[in-house]
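Trainee: One structure, as structure tokens, below. Some questions next.
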Amino acid sequence: MNGKNILLAVSGGIAVYKAVALTSKLTQAGANVKVMMTKSAQEFVPPLSFQVLSRNDVYTDTFDEKDSGVVAHINLGDWADLVIVAPATANVIGKMANGIADDMVTTTLLATEAPIWVAPAMNVHMIAHPAVVRNINQLYADGVRFIEPSEGYLACGYVGRGRLEEPERIVGHLTAYFTEKNTTLAGRKVVITAGATIEKLDPVRYFTNHSTGKMGFAVAETAARYGAEVVLVTSSTKLPVPHGVAVHYIETAQEMYDEVMKHQDSADIFVMSAAVADYTPKVIHEHKIKKQPGDFAIEMVRTKDILAEIGQNKRDTQVVIGFAAETQNVKENSLKKLHSKNADMIVANNVAQIGAGFGVDTNQVTFYGHDDAETVFPLLSKQEVAREIIEQAARFLEEK
Numbered sequence: 008m009n010g011k012n013i014l015l016a017v018s019g020g021i022a023v024y025k026a027v028a029l030t031s032k033l034t035q036a037g038a039n040v041k042v043m044m045t046k047s048a049q050e051f052v053p054p055l056s057f058q059v060l061s062r063n064d065v066y067t068d069t070f071d072e073k074d075s076g077v078v079a080h081i082n083l084g085d086w087a088d089l090v091i092v093a094p095a096t097a098n099v100i101g102k103m104a105n106g107i108a109d110d111m112v113t114t115t116l117l118a119t120e121a122p123i124w125v126a127p128a129m130n131v132h133m134i135a136h137p138a139v140v141r142n143i144n145q146l147y148a149d150g151v152r153f154i155e156p157s158e159g160y161l162a163c164g165y166v167g168r169g170r171l172e173e174p175e176r177i178v179g180h181l182t183a184y185f186t187e188k189n190t191t192l193a194g195r196k197v198v199i200t201a202g203a204t205i206e207k208l209d210p211v212r213y214f215t216n217h218s219t220g221k222m223g224f225a226v227a228e229t230a231a232r233y234g235a236e237v238v239l240v241t242s243s244t245k246l247p248v249p250h251g252v253a254v255h256y257i258e259t260a261q262e263m264y265d266e267v268m269k270h271q272d273s274a275d276i277f278v279m280s281a282a283v284a285d286y287t288p289k290v291i292h293e294h295k296i297k298k299q300p301g302d303f304a305i306e307m308v309r310t311k312d313i314l315a316e317i318g319q320n321k322r323d324t325q326v327v328i329g330f331a332a333e334t335q336n337v338k339e340n341s342l343k344k345l346h347s348k349n350a351d352m353i354v355a356n357n358v359a360q361i362g363a364g365f366g367v368d369t370n371q372v373t374f375y376g377h378d379d380a381e382t383v384f385p386l387l388s389k390q391e392v393a394r395e396i397i398e399q400a401a402r403f404l405e406e407k
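Counting from 8, one number per residue, gives the positions in the sequence shown under this note's numbering.
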């Protein structure tokens with residue numbers, strides 16, 4: 008990050024002490040750091056601490072202009088190559104999501120055109136509150152990037168998700184962002200499936216599952232950053248489309264099959280992360296099924312197995328990666344899937360495990376690959392998991 012201008016926005020919470028360490032580590036990494044603080048943040052750590060470590064003035068008040076010829080919040084916003092809000096409290100996240108500008112931090116966040124990153128830190132129940140989840144989703148839709156909080160012992164006495172990510176890892180995320188575009192997969196085509204499929208029963212009812220598509224979207228974003236031509240096949244319409252990714256929206260398993268098969272011969276890598284329905288109603292009713300006395304049975308028929316079709320017909324130069332979302336016998340079921348589908352690798356996770364299920368921004372996975380090799384990863388953000396997947400896929404390509 009040598010020479011990059013990083014604007015650190017600090018909001019009030021016990022994790023402010025980590026922001027002091029973050030300032031130091033960003034400076035050590037070669038970044039030019041300026042800090043702005045909310046009023047509550049100053050209750051935890053005085054501005055002088057940040058001033059000493061950043062070697063720059065600290066901005067705390069919209070009306071305390073240090074230079075009468077400069078409008079500080081505009082000037083700061085223009086100066087920054089990147090803005091990182093750390094720690095980001097529920098309060099500041101709510102203000103950001105709703106366009107509120109009532110202090111130095113929130114006014115500058117509205118004025119800047121620099122990319123904004125947010126590193127939340129709050130109580131385990133607060134981060135799961137529907138209002139906070141709603142605000143975070145709004146910021147995702149606005150293009151804000153998140154560095155997910157980790158799990159552990161919180162200052163409030165609870166144990167769970169909500170700890171500000173460690174400064175070293177935050178610096179790692181920002182360093183990776185500023186790294187020149189990776190050309191590892193330049194000239195390669197990657198096809199990715201993501202999210203659930205929707206199997207209609209009648210105009211009102213349908214069968215689906217809890218998959219949101221976050222993992223697949225993260226893989227698509229990473230593949231694009233590695234220089235690949237990326238095709239994303241998904242039913243997930245609520246997630247922002249990653250830059251440089253061609254999206255094809257589908258609903259049913261059959262539609263996903265048809266779209267993926269269009270690329271069977273041209274793709275170099277397939278990453279089949281979608282949670283595809285194994286069964287679909289044999290009959291789709293034209294009108295809503297009305298309630299009748301007694302039980303009601305629905306006849307289901309098998310859908311086409313997309314992963315098996317791709318894996319069993321792949322060329323020697325193609326890489327096929329599947330996913331296994333399990334609740335028990337994870338290794339046994341994953342290895343069985345690896346061999347029966349003729350995949351190069353299975354990304355397995357236990358969806359019953361906290362932090363590794365559907366809809367969350369983290370995952371804990373195990374890779375099962377050639378010769379049944381097993382690689383176990385700790386709980387990571389889905390962006391980090393996506394990077395591991397794409398880097399492994401690139402290694403497979405080199406070996407072929």
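We put the CB at the ideal spot given by N, CA and C, even for glycine.
Use the C-beta contact count for residue 341: other C-beta atoms within 10 angstroms, 16 or more gives buried, fewer gives exposed.
Mentor: buried
Trainee: Curious, which full-length beta strand (DSSP E) runs of at least 3 residues does the stretch 50-134 contain?
Mentor: 89-95 and 123-127
Trainee: Taking the beta carbon of residue 320 as the centre, do at least 16 other beta carbons fall within 10 Å, making it buried, or is it exposed?
Mentor: exposed
Trainee: I think residue 276 touches residue 354, with their Cβ atoms under 8 Å apart; what is that distance to the nearest whole Å?
Mentor: Not really, about 13 Å apart at Cβ, beyond 8 Å.
Trainee: So, are the CB atoms of residue 195 and residue 296 less than 9 Å apart?
Mentor: no
Trainee: Along the chain, which unbroken stretches of the beta strand (DSSP E) at least 3 residues long are found entirely within the stretch 142-211?
Mentor: 157-160, 166-170 and 196-201
Trainee: What separation, rounded to the nearest whole angstrom, lies between the Cα atoms of residue 20 and residue 263?
Mentor: 45 Å
Trainee: Output the distance between the C-alpha atoms of residue 210 and residue 284, rounded to the nearest integer angstrom.
Mentor: 18 Å
Trainee: Measure the alpha-carbon distance for residue 272 versus residue 68 and round it to whole angstroms.
Mentor: 60 Å
Trainee: I need the boundaries of the beta strand (DSSP E) containing residue 331, first residue and last residue.
Mentor: 326-333
Trainee: Which runs of the alpha helix (DSSP H) spanning at least 4 residues fall entirely within the stretch 271-336, listed in chain order?
Mentor: 313-319
Trainee: Using the DSSP secondary-structure output, state which residues sit across from residue 388 in a beta bridge.
Mentor: Looking at the DSSP assignment, residue 388 forms a beta bridge with 369.
Trainee: Give me the Cβ distance between residue 267 and residue 197, rounded to the nearest whole Å; I'm assuming they're in contact under 8 Å.
Mentor: Residue 267 to residue 197, Cβ: 12 Å. No contact.
Trainee: Among residues of its own chain, excluding the 5 on either side of residue 381, which ones have a beta-carbon nearer than 8 Å to its beta-carbon?
Mentor: 338, 373, 374 and 375.
Trainee: Using a threshold of 8 Å, is the CB atom of residue 221 nearer than that to any non-hydrogen atom of the ligand NAP?
Mentor: The model depicted lacks the ligand NAP and carries no ligand whatsoever.
Trainee: Name the DSSP beta bridge partners of residue 383, please?
Mentor: 373
Trainee: Rounded to a whole number of angstroms, what is the C-alpha to C-alpha distance between residue 234 and residue 306?
Mentor: Between residue 234 and residue 306, the C-alpha separation is close to 45 Å.
Trainee: Once you ignore the five residues that flank residue 38 on each side, which residues in its own chain have a CB closer than 6 Å to its CB?
Mentor: 8, 11 and 13
Trainee: To the nearest angstrom, how far is the alpha carbon of residue 227 from that of residue 389?
Mentor: 11 Å
Trainee: At a cut of 8 Å, does the stretch 47-56 reach the stretch 119-138 through at least three beta carbon pairs?
Mentor: Not touching, per the Cβ criterion.
Trainee: Quick one: give me the first and last residue of the beta strand (DSSP E) that residue 41 is part of.
Mentor: 39-44
Trainee: Between 261, 259 and 225, which has its C-alpha nearest residue 252's C-alpha?
Mentor: 225
Trainee: Given residue 314, which residues of its chain have a CB within under 6 Å of its CB, disregarding the five upstream and five downstream residues?
Mentor: Sequence-distant Cβ neighbours of residue 314 in its own chain, meaning closer than 6 Å and more than five residues away, are 279, 329 and 348.
Trainee: With H, G and I counted as helix, E and B as strand and the rest as coil, what does DSSP make of residue 241?
Mentor: Strand.
Trainee: Can you tell me which of the three DSSP states residue 36 falls into?
Mentor: coil
Trainee: Pick helix, strand or coil for residue 258, following the three-state DSSP scheme.
Mentor: If DSSP states are grouped into helix, strand and coil, residue 258 belongs with coil.
Trainee: What does the alpha-carbon distance come out to for the pair residue 247 and residue 154?
Mentor: 17 Å
Trainee: Can you look up residue 355 in the DSSP assignment and give me helix, strand or coil?
Mentor: strand
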